DNA sequence: CACATCATCCAAAGCGTTTTGGTAACGGAA
DNA sequence: TTCCGTTACCAAAACGCTTTGGATGATGTG
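Protein chains in written order, with my numbering: chain A, 65 to 407; chain B, 65 to 407.
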């Protein structure tokens with residue numbers, strides 16, 4: 065069923081039917097009703113490609129997910145983020161176009177998306193410190209919004225980020241208050257902007273309490289379960305092993321917990337752990353009592369909000385960029401305790 | 065840069081330029097080169113919507129991801145599956161369109177996708193026993209491929225599945241051989257087809273060895289970490305608690321491990337655990353030695369293969385449906401051991 | 001009563017491609 | 001020479017929608 069058929073059926077012109085369906089005023093209320101009823105009855109849906117061609121809008125938003133070349137890892141956070149964004153798109157009538165792309169190909173993909181015109185905007189995932197994608201998108205003039213920020217880029221653009229620095233600063237402070245002096249940081253890849261900020265928060269907390277920053281206690285890798293496990297195993301062998309760990313993701317924290325158990329120690333008593341918790345749907349942080357002490361921020365909610373920001377930018381391109389900084393909750397669970405050795 | 069501009073630039077007609085770029089024979093090799101060079105130089109990319117309108121093909125494939133209404137859970141497997149499928153699409157020039165949808169809205173979404181014509185085919189995720197979506201898609205005639213199967217549907221359609229039944233049967237056999245008699249099954253939601261098959265394999269193994277099937281030892285829920293934890297806590301309180309657990313996902317198995325530890329027991333010595341392992345990129349099953357004994361099948365690879373199947377179906381609609389049954393590996397790790405109590 | 005205004009509708013152009021149905025030039029065969 | 005097949009190109013239609021620029025008749029106004 066196409067517009068022409070529907071119009072013929074109703075004895076009206078395509079113009080009038082189109083206008084009736086799109087809410088233009090030049091149509092009598094009576095015919096509008098009649099058209100709506102017929103459209104409903106024959107379940108008419110305008111062809112996306114034709115509509116897009118005529119209007120110049122794709123009604124779709126692109127997500128380019130970078131796949132790390134070495135580990136081929138898909139960020140576990142991605143599913144929940146997409147779920148949040150998807151809600152916003154569904155409500156606004158947008159489709160979501162996904163591209164998973166090797167880092168090397170990214171520029172080409174962005175340029176192609178623009179040239180082929182199959183998206184009205186783009187969500188940038190996992191920005192690095194001085195991410196070339198942002199300059200690129202600003203240059204080609206395709207609306208976009210970033211999940212996170214790129215520290216080194218001063219030009220304004222839409223972003224939504226968790227205050228990673230303050231979150232990790234508070235977490236570190238919390239551990240210091242508990243008497244910990246040897247605190248390890250199991251960070252994500254510090255080429256990523258968020259990881260860089262987290263480290264900054266950690267370092268600043270240590271320095272402001274006159275504690276040494278020991279490179280032996282700092283790791284930066286992709287946040288897998290085995291990463292957490294291995295890092296703890298190795299750090300335990302140090303002359304002065306850490307009494308507390310600050311971990312960048314629940315997945316790695318699970319590996320940390322495993323290593324602690326394997327060593328015959330008890331998490332929260334012998335060794336303290338704080339993790340960042342993205343509030344993933346399949347990995348809730350305990351039920352009644354939080355399992356881990358954690359800095360928590362819902363990535364799903366972030367997806368919802370960022371999509372909203374981008375949609376608004378697209379519908380009003382003159383609008384100045386929106387930025388939003390979310391504060392993470394610091395919830396105290398059973399994985400932290402006073403440092404007895406330090407007493 | 066549009067076709068018209070490029071043609072004008074070259075002093076050729078749109079027809080010739082279009083043909084040159086699309087590899088039609090009615091163009092001299094010399095001009096083909098010239099056109100290709102100019103297109104490259106000005107980085108011309110045909111507009112997707114216009115091309116789609118002219119050809120009638122969307123060059124896009126839809127993935128409809130159901131969001132479970134109660135828990136709002138996003139299956140953690142989803143990211144890696146999509147990554148695999150994305151590779152196949154990128155290679156074949158297809159885009160991937162994603163819709164996350166509440167179960168109730170599913171039918172509408174499928175019908176709309178067809179009517180709006182913005183996909184050439186659909187990948188069906190997480191099929192249930194007698195999934196209405198399959199009948200629906202067969203009815204409307206939109207090419208599709210299913211990740212999994214729907215037991216109750218006899219009509220032929222494209223699918224790719226892991227042999228869940230044999231995998232769980234072998235795993236159960238393995239535990240019985242180790243001397244276990246009280247084996248618990250922590251299954252996924254048994255409205256899902258895969259979970260149903262896993263249970264069938266488990267039951268069949270028990271019966272063929274003359275062991276009782278105890279409903280107290282069987283659970284069926286969404287596969288979260290806390291589900292695994294809670295289930296074990298509760299089953300441990302039984303008069304005759306299980307000595308082994310068969311778990312449907314790594315995530316839940318992690319919860320199982322936590323419960324075992326919390327009880328002061330050692331996994332692999334006091335209690336055995338076998339889990340299904342989808343080989344997720346951020347959750348590898350140990351490194352040198354497998355952490356869990358597991359039935360393993362790469363969901364990423366499944367994504368890649370299923371996408372390929374769908375692409376072939378689309379390019380040759382006459383073709384009979386393809387079906388592919390993958391056997392899972394049974395890798396022995398450190399989470400299983402002989403049942404001492406039984407000796 | 002003549003004229004402007006308004007409400008309601010329509011024919012046709014346009015969006016950027018592909019594809020249909022040609023034409024012109026050339027070489028070779030009869 | 002004439003005719004035919006082939007090669008290399010082109011103008012215009014088509015895809016299904018929106019939007020421009022009227023047209024028509026009814027209504028109000030001076």
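Think of the CB as a built atom: it goes at the ideal place given N, C-alpha and C, for glycine as much as any other residue. Since the structure is predicted, the reported quantities are computational estimates derived from the model, not experimental observations.
Judged by beta-carbon spacing, residue 329 of chain A lies beyond the 8 Å limit of residue 283 of chain A, meaning their Cβ atoms are not closer than that value.
When rounded, the separation of the alpha-carbon atoms in residue 201 of chain B and residue 176 of chain B is 12 Å. Counting other Cβ atoms within 10 Å of its Cβ, residue 322 of chain A reaches 16 or more and is therefore classed as buried. CA-to-CA, the gap between residue 404 of chain B and residue 334 of chain B works out to about 8 Å. Chain order gives the chain B residues near residue 116 of chain A as 113, where near means a beta carbon separation below 8 Å. In chain B, no part has a C-beta under 9 Å from the C-beta of residue 388 of chain A; the shortest such distance is about 22 Å.
It is roughly 42 Å from the alpha-carbon of residue 326 of chain A to the alpha-carbon of residue 169 of chain A. Along the stretch 131–154 of chain B, the positions whose C-beta sits under 8 Å from a C-beta of chain A are 131, 135, 136, 137, 138, 139, 140, 142, 143, 144, 146, 147, 150, 151 and 154, read in chain order.
Contact between residue 402 of chain B and residue 243 of chain B holds: CB atoms are separated by about 5 Å, below the 8 Å threshold.
Per DSSP, the beta bridge partners of residue 187 of chain B are B:127 and B:209. If the five residues before and after residue 336 of chain A are omitted, its C-beta is found closer than 8 Å to the C-beta atoms of 239, 242, 244, 307, 308, 309, 357, 399, 400, 401 and 403, all from its own chain and listed in chain order. At a Cβ-Cβ threshold of 8 Å, residue 197 of chain B and residue 257 of chain B do not count as neighbours.
Note that the C-beta distance between residue 374 of chain A and residue 185 of chain A is below 8 Å. In this structure residue 113 of chain B is in contact with residue 113 of chain A, their Cβ atoms being roughly 5 Å apart against a cut-off of 8 Å.
Positions of the beta strand (DSSP E) runs, each at least 3 residues long and wholly inside the stretch 331–373 of chain A, are given as 336–341 and 357–360 in order along the chain. Looking at the backbone, the Cα of residue 266 of chain A and that of residue 233 of chain A are separated by about 5 Å. Proximity of the stretch 153–160 of chain B to the stretch 127–140 of chain A falls short of the contact definition, fewer than three beta-carbon pairs being nearer than 8 Å.
Using a CB distance below 9 Å, the part of the stretch 181–206 of chain A facing chain B consists of 181 and 182, ordered along the chain. Residue 177 of chain B: member of the alpha helix (DSSP H) spanning 170–180, first to last residue. The Cβ atoms of residue 348 of chain B and residue 290 of chain A lie closer than 8 Å to each other. By the neighbour-count criterion, in which 16 or more other beta carbons inside 10 Å mark a residue as buried, residue 302 of chain A falls on the exposed side. Inclusion of residue 222 of chain B and residue 381 of chain B in the CB contact set at 8 Å is not warranted, their separation being larger than that value. Residue 192 of chain B carries a strand assignment under DSSP once its states are collapsed to helix, strand and coil. 286, 287, 288, 289, 290 and 294: these are the residues of the stretch 279–304 of chain B whose beta carbon lies less than 8 Å from some beta carbon of chain A, given in chain order.
Interface residue (Cβ-Cβ distance to chain A less than 8 Å): residue 375 of chain B is not classified as such. If you draw a straight line from the Cα of residue 173 of chain B to the Cα of residue 115 of chain B, it is about 24 Å long. Restricted to the stretch 75–128 of chain A, the alpha helix (DSSP H) segments that are unbroken, complete and at least 4 residues in length are 78–85, 93–105 and 112–119, listed in chain order.
Around the beta carbon of residue 273 of chain A, fewer than 16 other beta carbons lie within 10 angstroms, which makes this residue exposed. For residue 229 of chain B, no beta strand (DSSP E) encloses it; the enclosing alpha helix (DSSP H) starts and ends at 228–241. At least one C-beta of chain A is nearer than 8 Å to the C-beta of residue 160 of chain B. The C-beta distance from residue 205 of chain A to residue 161 of chain A rounds to 18 Å, too long to meet the 8 Å contact threshold. Straight across, the Cα-Cα distance linking residue 86 of chain A with residue 124 of chain A is about 19 Å.
For residue 327 of chain A, there is no enclosing alpha helix (DSSP H), since its DSSP letter is neither H nor E. Between the alpha carbons of residue 66 of chain B and residue 111 of chain B lies a gap of roughly 8 Å. Minimum Cα-Cα distance from residue 130 of chain B among the listed residues B:189, B:219 and B:281 corresponds to B:189. Residue 334 of chain B is outside the set of residues whose beta carbon lies under 8 Å from a beta carbon in chain A.
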